[in-house]
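Quick notes on the structure that follows.
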Amino acid sequence: MQIFIGTPPKKIIAVADTGSDLTWVQCRPCNNCYFQNFPLFDPSKSYTHRVIPCTRPTCSYLYIHSCGITGECIYGVQYEDESNSKGYLSTDTISFNNTYIGRIIKYSSITLGCGYNNYGSFTPTAEGIVGLGGGPLSLITQIGYQFGKRKFSYCFLPYNSRRTGQIKFGFDTQKQKSLERISVSGETFKPKANETVGNFVVDSGTTFTFLKHDLFYKLRDSIIESIGKRVAFERSPPKPFELCYKDGAVRYFPLISFYFAKADIGLHFPEDNVFGRVGPFMCLFILPTYQGHSTFGSYQQVLYNVEYDLDKRTISLAPSNCE
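For reference, each letter of the sequence shown is one residue, going 409 to 731 in this note's numbering.
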């Protein structure tokens, strides 16, 4: 996701994450920054940059916070894959290039983190995280108060697409859907009865979909059965994948559908949304988890328009060409 931070504005490429609140970027000077393809954001060159003291109520919005040596608010965030960021809290101007009206839209005094100790599975093409959750520090909440609605939508394009995806802006951070059943080529199965309420988190910041382990292995076995025993699956698949076939061995992969509570239709995933090429294999891009909930990742959201209304606490998903 492209945003601009500071005055004068510096272009920032960051990961849009609906599963977290705090927006942060790597900043100079940096004690322990991961490698990125772009120069670090230098807050000293932005005349609208302000450090937030730890005595401000804003600091207490953070789950992990403390006071720095000079009284600044120190933040800490950790993600499910154990990636983390530490730095100080600040305010600055954030701008967006509005392609519909052809000009830059600016929002002043937006709270964000200046990260100087960042570790984990961050890629060189991303300079930080844009928090699109529903908490008070979320970018959606902050700019939503300025135009009256906390509503936005996005559409992810395939990874090899030359077009640009879209995000449109209109208190729970991770929005949950209740998964009622899964279908593989028309054969359905359900989660355990005690796992049907709010058990599926829609998260743009997680690449793959993670299913509770018992549900995942039902899915894996159903796929193997649907493809048939004549096509052998890889007995030692590359990690972290649990089901792989040699590329070209499977002529047709089964159609996989997820059905959610209070939804008129299911989400039907073609092969490209479920299987991906890993070296000489085609692997299932859905993985098991032993954590507290299942997660609907960004790979399965490709070519779906995902709309959040944080005030109504609803999520809508529909197939789209992202135009």
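No residue lacks a Cβ here, since even glycine has one placed at the ideal position from N, Cα and C. Values in this document were obtained by computation on a predicted structure and should not be read as measured data.
Pairing W432 with S474 gives a Cβ-Cβ distance that is not under 8 Å. Here P696 carries a strand assignment [DSSP, helix/strand/coil]. For R643 and L651, the gap between their C-alpha atoms comes out near 8 Å.
Taking the C-beta atoms as reference points, L627 is found no nearer than 8 Å to S702. Around the beta-carbon of T533, fewer than 16 other beta-carbon atoms lie within 10 Å, marking it exposed. The C-beta of D680 has fewer than 16 other C-beta atoms within 10 Å across all chains shown, which makes the residue exposed. Exposed is the label assigned to K720, since fewer than 16 other Cβ atoms lie within 10 Å of its Cβ. Look at P465 here: in three-state DSSP terms it is helix. Of all alpha-carbon atoms in F641, Y487, P688 and R464, the one lying nearest the alpha-carbon of D425 is that of Y487.
Beta-carbon to beta-carbon, Y712 and C563 are separated by about 7 Å, close enough to satisfy the 8 Å threshold. Residue ranges of uninterrupted beta strand (DSSP E) with 3 or more members, entirely inside the segment 420-488 and ordered along the chain, are 423-425, 432-434, 472-475 and 481-486.
Taking all protein chains shown into account, I631 has 16 or more neighbouring C-beta atoms within 10 Å of its C-beta and is therefore buried. With the rule of 3 Cβ pairs closer than 8 Å, the segment 434-451 counts as touching the segment 511-530. DSSP, read as helix, strand or coil, puts V682 in helix. Taking 8 Å as the cut-off, the beta carbon of V485 is found no closer than this to the beta carbon of G613. Annotation note: the segment 487-530 contains the following uninterrupted beta strand (DSSP E) runs of length 3 or greater, listed N- to C-terminal: 492-506 and 511-527.
Here the alpha carbon of K637 sits roughly 20 Å from the alpha carbon of F649.
I411 sits away from I551, with the two beta carbons spaced by 8 Å or more.
Annotation: F412 is outside any alpha helix (DSSP H); the continuous beta strand (DSSP E) that includes it extends over Q410 to I413.
Sequence-distant partners of P688 (beyond 5 residues in either direction) whose C-beta falls short of 8 Å from its own C-beta, in its chain, are K654 and D655. Following the DSSP letters along the chain, one finds D629 inside the alpha helix (DSSP H) bounded by residues H621 to I635. Contact between L692 and F683 holds: their C-beta atoms lie close to 6 Å from each other, under 8 Å.
Annotation: S644 is outside any beta strand (DSSP E) and is labelled neither H nor E by DSSP. Here H676 is exposed: its Cβ has fewer than 16 other Cβ atoms, across all protein chains shown, within 10 Å.
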